[in-house]
Amino acid sequence: MSVRTRFAPSPTGFLHVGGARTALFCYLQARAKGGQFILRIEDTDLERSTEESVQAILNGMHWLGLDYDEGPIFQTHRFARYAEVTRTLLAENKAYHCYCPKDRLEILREQQMQQGLKPRYDGLCRDRKDIPQDISRSIKPVVRFRNPDEGDVSWDDAVRGLISISNTELDDLVIARPDGSPTYNFTVVVDDIDMAVSLVIRGDDHINNTPRQINIYRALGAELPRFAHVPMILGADGARLSKRHGAVGVMQYRDDGYLPQALLNYLVRLGWSHGDQEVFSMAEMIEYFDIVDVNRKAAAFDYNKLDWLNQHYMRELPASEVAAHLRWHMDHVGLNVQSGPALADLVTVQSERVKTLKEMAAVSTVYYQDYDDFEPTAAKKHLRLVAAEPLQAIRASLAAVVDWQPEALDQAVHQTAEGLGVNMGKVAQPLRVALTGTSVSPAIDKTLWLVGKDRSLERIDRALQFIEQRGAAE
RNA sequence: GCUCCCUUCGUCUAGCGGUAAGGACGCGGCCCUCUCAAGGCUGAAACACGAGUUCGAUUCUCGUAGGGAGCGCCA
131 MSVRTRFAPS PTGFLHVGGA RTALFCYLQA RAKGGQFILR IEDTDLERST EESVQAILNG
191 MHWLGLDYDE GPIFQTHRFA RYAEVTRTLL AENKAYHCYC PKDRLEILRE QQMQQGLKPR
251 YDGLCRDRKD IPQDISRSIK PVVRFRNPDE GDVSWDDAVR GLISISNTEL DDLVIARPDG
311 SPTYNFTVVV DDIDMAVSLV IRGDDHINNT PRQINIYRAL GAELPRFAHV PMILGADGAR
371 LSKRHGAVGV MQYRDDGYLP QALLNYLVRL GWSHGDQEVF SMAEMIEYFD IVDVNRKAAA
431 FDYNKLDWLN QHYMRELPAS EVAAHLRWHM DHVGLNVQSG PALADLVTVQ SERVKTLKEM
491 AAVSTVYYQD YDDFEPTAAK KHLRLVAAEP LQAIRASLAA VVDWQPEALD QAVHQTAEGL
551 GVNMGKVAQP LRVALTGTSV SPAIDKTLWL VGKDRSLERI DRALQFIEQR GAAE
């Protein structure tokens, strides 16, 4: 039988990394089994749902490349259907109208808590036949689902194993508000039945909702899907992930310079593994992933490992592909990519030196525009009188280079050093400071290559001038 | 408070009754080296605790402790 999974976020914010991982698991499970993956937007809470959030979720899914076969399906478009099912339950006496005012329920809840009891609806309206006319006219009732009061509800969770809870722990939940709008636990069940979802993958914060939902499935005479409750993702400090942990929204990771492949690879390894393998292509994830192998423990987010994976992908993915992602960051920091080396060339040189694309853009400005001043300590150390001769020599040598490629440039620097009878550092370091204004940059041949011939010669001249002025001043 | 869930290096994890408890990130050291990286080699680092079951428990059972989730006319 084909597997049908769904990811069902509520549009009350951006696409959270925890949600992204759940979506990834749903996606992988469907793709692996040749099934379908559905995206459903749970927007029944009209107060908190926003159009921007819907867009943010769609953007996040798109950036990650998690494409769905059906959807997005909006619950707000299905109110008529929920109302229909509610009427059926009412007619079958599996649900009933409840006229209890909110304040009565609040008081009840407080009393129960005080007595050390679990707060539950006491069932006052369950079999109430004495609704006075004036009450039924002034109070619009909610609809409650008649939960079984005996027996247990249990299911074999695909990741947790057998979970069981007594019906006496449950109460009659509201399935429709006074205005007729449906509530979460009810819409999920109706939708999952209507959409023939066969495997419900969701965060383990929903474990407690599952028994209630199972009872609704039964009342509706529907077959149960398989449930898989995946552990949550914690912040780096082990506490629940929240804004103060930095990036929680998926798009924030793009802004921070991560590749979608890296984030996906990082997320799939949270709670799941395949032997000692750390790096997985999407094809491998689809091939190896199985929801039953997901473990039960909540996992703390580790930026170091994400960084490592990100660098891995920056180096291993085709440079042109990485360059396309880098482009966004270059634009973002206001660099004109026409005024320097091709981005793909930049990527081949810089990817092993930085952890993120954001960092790459930041350390690459000198290849696209002139730097303002020499970094004081670098200049003090390397642009001294003794550096004048090597710089002049290398300038002459470079001026003669026709094929401005790393091999020829490397040769030029080496030959210059040999000719002067000094080691590489005596030539390379002053040259590096001349080229970049700092003492840190890629290998000198690569640095020259990226800076380009004309700009390199200009900058050497500038450094020579600096040395001369400084010499005169001393 | 009540119910449900979780517990192997700092972190992500392997383990599925007998292992020197493996890998990865990070951290330390060495090597390489024109700087910074990257790379290679290497080191330190874990079975929460207590009872059982068993010839033998990280692995099975039960407690304890710690952590998480839920208990809405939010999802």
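Going letter by letter, the first sequence gives residues 131 to 604 in the working numbering. C-beta atoms are modelled at their ideal positions from N, C-alpha and C, and glycine is treated no differently.
Residue i, buried or exposed, once every other Cβ within 10 Å from all chains shown has been counted against 16
i	result
residue 172	buried
residue 599	exposed
residue 243	exposed
residue 361	buried
residue 567	buried
residue 176	exposed
residue 460	buried
residue 401	buried
residue 174	buried
residue 444	buried
residue 524	buried
residue 241	exposed
residue 485	buried
residue 499	exposed
residue 135	buried
residue 234	exposed
residue 380	buried
residue 424	buried
residue 512	buried
residue 178	exposed
Span separating the alpha-carbon of residue i from that of residue j
i	j	result
residue 229	residue 404	54 Å
residue 606	residue 441	In the structure as shown, the chain begins at 131 and stops at 604. Residue 606 is therefore absent and cannot be evaluated.
residue 209	residue 309	11 Å
residue 576	residue 479	7 Å
residue 601	residue 521	15 Å
residue 547	residue 476	26 Å
residue 366	residue 340	29 Å
residue 414	residue 195	15 Å
residue 222	residue 395	49 Å
residue 397	residue 152	9 Å
residue 274	residue 227	6 Å
residue 420	residue 220	40 Å
residue 382	residue 337	29 Å
residue 146	residue 406	28 Å
residue 586	residue 501	13 Å
residue 578	residue 358	55 Å
residue 418	residue 385	30 Å
residue 191	residue 144	11 Å
residue 199	residue 364	30 Å
residue 283	residue 133	24 Å
residue 488	residue 456	8 Å
residue 157	residue 491	32 Å
residue 306	residue 313	6 Å
residue 184	residue 249	34 Å
residue 311	residue 429	36 Å
residue 590	residue 561	7 Å
residue 269	residue 329	40 Å
residue 164	residue 326	15 Å
residue 570	residue 167	48 Å
residue 332	residue 368	20 Å
One or two residues paired with residue i in a DSSP bridge
i	result
residue 407	404
residue 291	287
residue 228	272
residue 312	306
residue 358	331
residue 364	370 and 430
residue 282	296
residue 135	167 and 329
residue 379	146
Integer Cβ distance of residue i from residue j, believed to fall under 8 Å
i	j	result
residue 212	residue 317	6 Å
residue 139	residue 180	Their Cβ separation, rounded to whole angstroms, is 13 Å, which puts residue 139 and residue 180 out of contact at 8 Å.
residue 355	residue 322	6 Å
residue 473	residue 453	4 Å
residue 79	residue 301	Given that the chain is displayed from residue 131 to residue 604, the structure contains no residue 79 and the question cannot be resolved.
residue 447	residue 391	7 Å
residue 137	residue 188	No, residue 137 and residue 188 are not in contact; Cβ-Cβ is about 12 Å, not under 8 Å.
residue 346	residue 304	That pair is no contact at about 12 Å.
beta-carbon residue i near the ligand ATP non-hydrogen atom, thresh 7 Å
i	result
residue 484	Looking for the ligand ATP in the displayed structure turns up nothing, as the structure carries no ligands at all.
| Any beta strand (DSSP E) of 3 or more consecutive residues that is wholly inside the segment 137-214 | 166-171 and 200-204
| task | List in chain order: all unbroken alpha helix (DSSP H) runs of 4+ residues lying wholly within the segment 409-494. | result | 412-418, 433-446, 449-462, 473-480 and 487-493
| said: If we require 4 or more residues per run, which alpha helix (DSSP H) segments fall completely within the segment 535-573? | reply: 536-550 and 554-566
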